[in-house]
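K.L.:
Can you read through this structure? Questions will come right after.
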Amino acid sequence: MHRTTPKGAGAPRRRRVAGPLALVLLAETALLAAVATPAAAAEPASGGSAGTARSAASAAVGEEAAARLTAEARDRRVEVVGARTETTTLWANPDGTMSLETHAGPVRFRKGGAWVPVDTTLVRNADGSVTPKGHPRGLRLAGRTDAGGGDLVTLGTGERAVTLGWQGALPEPVLKGSKATYVDVMPGTDLVVEATRTGFEQFLVVKDRAAAERAASFTLPLRAKGLRAAENAADETVTFTDAATREKVGTLPTPAMWDASRDKRGRAGTNRADVDLDVRPAARGEGYTLAVSADRRFLADEDTAYPVTIDPAIYFGTNFDTTVVNGSTADMSGEVGLRVGREWQKNEARSFISFPRHEAVTGQDVLNAELNLFATWSDTCEARSWEIWDTGVVSSATRWSTQPAWRTKARTSTVTHGNTNCGPRWISEDITSLVKEWSRVDRSVDTLGLRATDETDYTAFKIFASGDDAAHAPSILVTYETPADPVKDHVEYWNDILQQAYREQGGAPGPLARAGAMMHGAIYDAANSAKCAEGPTRCLGAPYLVKATASNGALPDINSAIDHAAFDVLRSVFPGQNFDTAIANARSTIPAAVTAEQRAAGTSVGQQAAAAMLNARQNDGSTTVVPYTGSQTPGYWRPTDGTAAATPGWGLVKPFALTSGSQFRPAGPGGHTTMSGLLASSAYATQVNEVKSLGRADSTTRTADQTQAALFWANDLDGTYKPPGQLFEHTQTLARQRNLTVTANAKLFALVAFSMADAGIASWDAKYQTDIDLWRPESAVRLDGDGNPATTADPNWQPLSYNTQGEHFSPAFPAYVSGHATFGGAWAKAMQQWFGTDAIPFTGTTDDPHAVGVTRTFPGFSAAAEENAVGRVWLGVHYRWDGTEGVATGTKVAAHVASTKLKPNSAASWVTYEDLHNLGGCDALGKRLVAEHRWTAYQCVAVDPVSTPDHVLYVK
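So the sequence shown is numbered by the numbering used here: it starts at 57 and just counts up by one.
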């Protein structure tokens, strides 16, 4: 899991198996630093104030928030550099989530105040000594020495340095990668030192059988200031403790030796024997003497295949990985690999990996987690089942008989690699369920257990690399959700400004919906232009009107583009309102990392997008005055309170996507095309009587919930955000609920806005441009004149709908079809098409003054649209068919918008989108690009699973 190293803990260690064909006798000593100080988790210095610590914490939180804003703006993950530790890396993702990667060994260290990557490649220094290019513990190797010998390897500095000596001359070492070879330090014997992530390994390489006797016994001087050593006679392990604190800081595991033969499965290092190792106080001065005694019978056995490896190992640190084998009492925490399953002709093995816990994940809502392991060996290439478990903590004392609890099985996998026929490679496994459990418990270390499903099946045997491998340390990548930022993304910010403009402007909903489509359409073109500047694969999709470019050559800042597109449109369509404060506030939230040139480029493309929209909407018919007084003929609309008809020519306005307002014109109320036929029908009588009963102000048949729903959806009064504003608010609620990115919001809100604007035009076409401009229920119920014997007039009837003075009213335009319902149907269809399903529950809010604080919860979009439509009956201002046929019309409008506007990018064949670190990250980005309708398909292809878990994301 993505965890930081706890105070006083070293990194987990792994020692790699060498399988040479030459004859070697390897005396190996792996030394890991006793003081692995986690840089990012360090306590304040003694005497430092609590205020200083709080300031540092506040700065870290501020950097994380800024990283989230920057990631969203740039549409790519951004590292929170201040959160780095030796083993962990924290990223902010474009969708507002955070990802934390934790390795089982260090990947970087601090040097001179800066982070430096771990690089174990050895280089020769001017004084002849040898050091790695980058080592967290200051590893230093000897160059040529005289016959007196001296320090072979030094790990650490000052009071915490550990030094291993060599008695005898050392030749100039031959360097290759992370290995230094001192040729013929004894007759027929080479000395090899290999740098690891946190220390080193030392080998004696005996090149022929004649040299075995000389190398069978040798001593190595060891100096370790401030440490004490205690030997455990039961298993011949040695524990090192800090002399001052008495805390355990290192272990010398049970040593072993093995020859160069391979078993029938082709694996080397399986013919093994014990090695005696004594740790004695040095005869002179400080330190100890390591006395190594190999099994001479094993060395002399004619069946022993040289080379032979003698393996005493010392490592420091309390976090590590280990293997336990049934029947063995040996400490295998210094073993060369993590064994899983039953080895050929041996007993079953299990392994454990410890990951230091990072505080960032504790208590968070974990979305997904991926374990990356490097498979170094498998007995077969056939799929064989193995398991990943949550276990208790392990230590150097852990044996088969003292295993920690195997608490929860997280994953069963059959992925099998490592055999010579299928080769070693990286593998990735989903452990989300396990990490979710971890996040609920506050602890410093989390431990994974690996075991075979069938521990009697030797073909299921596997070996995985562990934390000290120079290139293959296990890691866990966790993505988790963070609390919502107090500052909305810039699309949502301007959506709020738009809704406030609606409240101040008032009037009929059609012009308001047009303004929303103009603003959100310009925002989309601006955002799309900013993304297209990064390359053609980065576009959000087809432009609506324009793909703008910045003249200064800089990559446009997407938030600056959004801000100026919205600002220029709003001040044009609402000239009586001032948006200067709004633009100033928006600009103040742009991350400091965005350069002045990027801001200017963003401003330029935003202004170009706004100009294109304003130009396209000139002479669109929105300002044309169409005379309309209604009619006193029964059935036709007439004013109910002396208010003139609102926007009678709106059905003639040029749509944003439709060919005309009449493109999806409904057939007429109940299919009727003449007023006389309509008024005489039984369906008309049924509908009038329904609204007469349910919609009257003092209805006894309308339930309290129906009354609440009717008022919740009303928003007819000036001072509210009107029906388009409420549906924009629902869109914003769902966008935040689903963690949409700013780029996703730019496209979603534009599609919703176009759908609602054209729905308004289509609805007003049906209201005013057909042969049936249907009167409101208020007129139908009060007046006697429809000629239908099944209806009875009630001159005192009033609708539930009322204003802030308590006066009942009906909206000033014909009833059929309902504008509310058409808006709602278009909104529901647009949302369903975006999310790929209707069944997304949400809780909506309202602006209506008669439903203050009311929220209503819906199982999906269509349920909300249907309640919105029938709510107009309960409010007493519409017939039921006004709603049902309005929803149907809106649905057709939105379907047409989605199929013709802002279409996804496309390519005839797969094109490269981005290189990603691992399969989980690649898959997550691919899914997001498809979910945001930027591309229709993706695939993740491994770069080279032998050397890296990296993948390439392809799209089309």
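By construction, the Cβ of each residue, glycine as well, lies at the ideal position given by its N, Cα and C atoms.
Express the C-alpha separation of GLY862 and ASP829 in angstroms, rounding to a whole number.
P.N.:
Residue mapping note: residue 829 aligns to position 773 of the sequence shown, counting from 1. Residue mapping note: residue 862 aligns to position 806 of the sequence shown, counting from 1. The C-alpha of ASP829 lies about 28 Å from the C-alpha of GLY862.
K.L.:
Please report the distance separating the alpha-carbon of ASN149 from that of ASP903.
P.N.:
Against the sequence shown, residue 149 aligns to sequence position 93. Against the sequence shown, residue 903 aligns to sequence position 847. Approximately 33 Å, taken between the alpha carbons.
K.L.:
Helix, strand or coil for ALA286? Go by DSSP, reduced to three states.
P.N.:
Position 230 of the sequence shown holds residue 286. ALA286 carries a strand assignment under DSSP once its states are collapsed to helix, strand and coil.
K.L.:
Are the Cβ atoms of GLY221 and GLY206 separated by less than 8 Å?
P.N.:
Residue mapping note: residue 221 aligns to position 165 of the sequence shown, counting from 1. Residue mapping note: residue 206 aligns to position 150 of the sequence shown, counting from 1. Closer than 8 Å, so yes.
K.L.:
Going by CA-CA distance only, name the one from PHE917, PRO683, TRP147, SER628 that's closest to THR789.
P.N.:
Against the sequence shown, residue 789 aligns to sequence position 733. THR789 has its Cα closest to that of PHE917, out of PHE917, PRO683, TRP147, SER628.
K.L.:
Can you check the region 948-984 for any beta strand (DSSP E) of at least 3 residues that lies completely inside it and give the ranges in chain order?
P.N.:
967-972
K.L.:
Have a look at LYS1012, VAL1011, VAL997 and flag the residue whose alpha-carbon is nearest the alpha-carbon of PRO1035.
P.N.:
What is shown of the chain runs 57 to 1012, which leaves residue 1035 out entirely.
K.L.:
Can you list, in chain order, the residues of its chain with a C-beta nearer than 7 Å to that of ASP619? Leave out the 5 residues immediately preceding and following it.
P.N.:
Residue mapping note: residue 619 aligns to position 563 of the sequence shown, counting from 1. If we look at ASP619 and ignore the five residues flanking it on each side, its Cβ neighbours are HIS546, ILE639, ALA642, ARG643, GLY662.
K.L.:
For a test of the three-state rule: what should DSSP assign to LYS232, helix, strand or coil?
P.N.:
Residue mapping note: residue 232 aligns to position 176 of the sequence shown, counting from 1. Looking at LYS232 - three-state DSSP - the assignment turns out to be strand.
K.L.:
Count the other CB atoms, across all protein chains shown, that sit within 10 Å of the CB of LEU1009; report buried if there are 16 or more and exposed otherwise.
P.N.:
Working through the sequence shown from its first residue, we reach residue 1009 at position 953. Flag for LEU1009 reads buried.
K.L.:
Can you tell me where the beta strand (DSSP E) holding ASN428 begins and where it ends?
P.N.:
If you number the sequence shown from 1, residue 428 lands on position 372. Residues 421-434.
K.L.:
Mind reading off the beta-carbon distance from TYR994 to VAL986? Whole number of angstroms is fine, and I expect it under 8 Å.
P.N.:
Position 938 of the sequence shown, counted from the first residue, corresponds to residue 994. Position 930 of the sequence shown, counted from the first residue, corresponds to residue 986. About 6 Å separates the two Cβ atoms, so the contact holds.
K.L.:
With burial defined as no fewer than 16 other Cβ atoms inside 10 Å of the residue's Cβ, what is the status of GLY982: buried or exposed?
P.N.:
Counting from one through the sequence shown, the residue named residue 982 turns up at place 926. Counting Cβ neighbours within 10 Å, GLY982 comes out buried, since at least 16 surround it.
K.L.:
Are ASN428 and PRO363 close, meaning C-beta to C-beta below 8 Å?
P.N.:
For this step, residue 428 is matched to residue 372 along the sequence shown. For this step, residue 363 is matched to residue 307 along the sequence shown. No, they are not a contact pair.
K.L.:
Give the single residue among THR503, VAL134, ARG832, PHE430 whose Cα lies nearest to the Cα of PRO480.
P.N.:
Looking up residue 480 in the sequence shown gives position 424. If we check each option's Cα against that of PRO480, PHE430 comes out closest.
K.L.:
Does DSSP put TYR238 in a helix, in a strand, or in coil?
P.N.:
Taking the first residue of the sequence shown as 1, we reach residue 238 at position 182. TYR238: strand per DSSP, three-state reduction.
K.L.:
Applying the criterion that 16 or more other CB atoms from any shown protein chain within 10 Å of the CB defines a buried residue, is ALA583 buried or exposed?
P.N.:
As a position in the sequence shown, residue 583 is number 527, starting the count at 1. Flag for ALA583 reads buried.
K.L.:
Return the chain-ordered list of same chain residues with a C-beta closer than 8 Å to the C-beta of ALA290, the five sequence neighbours on each side being excluded.
P.N.:
Looking up residue 290 in the sequence shown gives position 234. Answer for ALA290: THR385, listed in chain order.
K.L.:
Assign SER811 to buried or exposed, taking buried as 16 or more other Cβ atoms, counted over all protein chains shown, within 10 Å of its Cβ.
P.N.:
Working through the sequence shown from its first residue, we reach residue 811 at position 755. Buried, because 16 or more other Cβ atoms sit within 10 Å of the Cβ of SER811.
K.L.:
Could you spell out the range, first to last residue, of the alpha helix (DSSP H) harbouring TRP991?
P.N.:
For this step, residue 991 is matched to residue 935 along the sequence shown. It is not in any alpha helix (DSSP H) - TRP991 carries neither H nor E in the DSSP assignment.
K.L.:
TRP883 by DSSP, collapsed to three states: which one?
P.N.:
As a first step, residue 883 must be located in the sequence shown, where it is residue number 827. Three-state result, TRP883: helix.
K.L.:
Could you give the DSSP three-state label for ALA338: helix, strand or coil?
P.N.:
The residue you call residue 338 lines up with position 282 of the sequence shown. ALA338 falls in the coil class under three-state DSSP.
K.L.:
With distances taken between CB atoms, is the gap from ASP613 to ALA586 smaller than 8 Å?
P.N.:
The residue you call residue 613 lines up with position 557 of the sequence shown. The residue you call residue 586 lines up with position 530 of the sequence shown. Cβ atoms of ASP613 and ALA586: closer than 8 Å.
K.L.:
Counting beta carbon pairs with one atom in the region 557-573 and one in the region 621-637, are three or more of them shorter than 8 Å?
P.N.:
yes
K.L.:
Using the three-state DSSP reduction, which class does ASP821 fall into: helix, strand or coil?
P.N.:
Here residue 821 is taken as the residue at index 765 of the sequence shown, counted from 1. ASP821: helix per DSSP, three-state reduction.
K.L.:
Enumerated in chain order, which unbroken segments of the alpha helix (DSSP H) with a length of 4 residues or greater are wholly contained in the region 730-803?
P.N.:
731-736, 738-750, 760-770, 778-793
K.L.:
Report all residues from its chain with a CB closer than 6 Å to the CB of ALA106; omit the five preceding and five following residues, and keep chain order.
P.N.:
The sequence position of residue 106 within the sequence shown is 50, counting from 1. Residue placement at ALA106 is poorly supported in this model, since its pLDDT is 41, which falls under 50; the coordinates still yield a value, given next. Nothing listed; no residue qualifies.
K.L.:
Should PRO412 and SER500 be called a contact, given that it needs their Cβ atoms to be closer than 8 Å?
P.N.:
Reading the sequence shown from its first residue, position 356 is the one you call residue 412. Reading the sequence shown from its first residue, position 444 is the one you call residue 500. The answer is yes: Cβ separation under 8 Å.
K.L.:
Whose CA, out of GLY946, TRP937, TYR858, HIS864, lies closest to the CA of MET887?
P.N.:
For this step, residue 887 is matched to residue 831 along the sequence shown. Checked all of GLY946, TRP937, TYR858, HIS864; the closest Cα to MET887 is GLY946.
K.L.:
Does DSSP put HIS191 in a helix, a strand or coil?
P.N.:
To locate residue 191, count along the sequence shown from 1; it is residue 135. Of the three classes helix, strand and coil, the one that applies to HIS191 here is coil, per DSSP.
K.L.:
When the Cα of SER424 is compared with those of LYS492, VAL471, ASN477, which residue comes out closest?
P.N.:
Here residue 424 refers to the residue found at position 368 when the sequence shown is read from its first residue. The sequence given here places Asn at residue 424; Ser does not occur at that position. Nearest of LYS492, VAL471, ASN477 to ASN424, Cα basis: LYS492.
K.L.:
The beta strand (DSSP E) with SER349 in it runs from where to where?
P.N.:
On the sequence shown, residue 349 is found 293 positions in, with the first residue counted as 1. Per DSSP, SER349 belongs to the beta strand (DSSP E) from 344-349.
K.L.:
Since ARG467 and ILE444 are thought to touch, with beta carbons under 8 Å apart, how far apart are those beta carbons, to the nearest angstrom?
P.N.:
Locating residue 467 in the sequence shown gives position 411, counting from the first residue. Locating residue 444 in the sequence shown gives position 388, counting from the first residue. Between ILE444 and ARG467 the Cβ distance is about 4 Å, and since that is below 8 Å, they are a contact.
K.L.:
Check whether the Cβ atoms of LEU211 and PHE256 sit closer than 8 Å, and answer yes or no.
P.N.:
Position 155 of the sequence shown holds residue 211. Position 200 of the sequence shown holds residue 256. Result yes, Cβ atoms of LEU211 and PHE256 sit closer than 8 Å.
K.L.:
Going by CA-CA distance only, name the one from GLU438, GLU128, PRO243, VAL808 that's closest to ASN475.
P.N.:
For this step, residue 475 is matched to residue 419 along the sequence shown. Closest in C-alpha terms to ASN475, from the list GLU438, GLU128, PRO243, VAL808, comes GLU438.
K.L.:
Quick one: residues in its chain with C-beta nearer than 8 Å to the C-beta of ALA736, no 5 flanking neighbours on either side, listed in chain order?
P.N.:
The count along the sequence shown starts at 1 and reaches residue 736 at position 680. Closer than 8 Å at the Cβ level, and outside the excluded window around ALA736, lie GLY843, ASN844.
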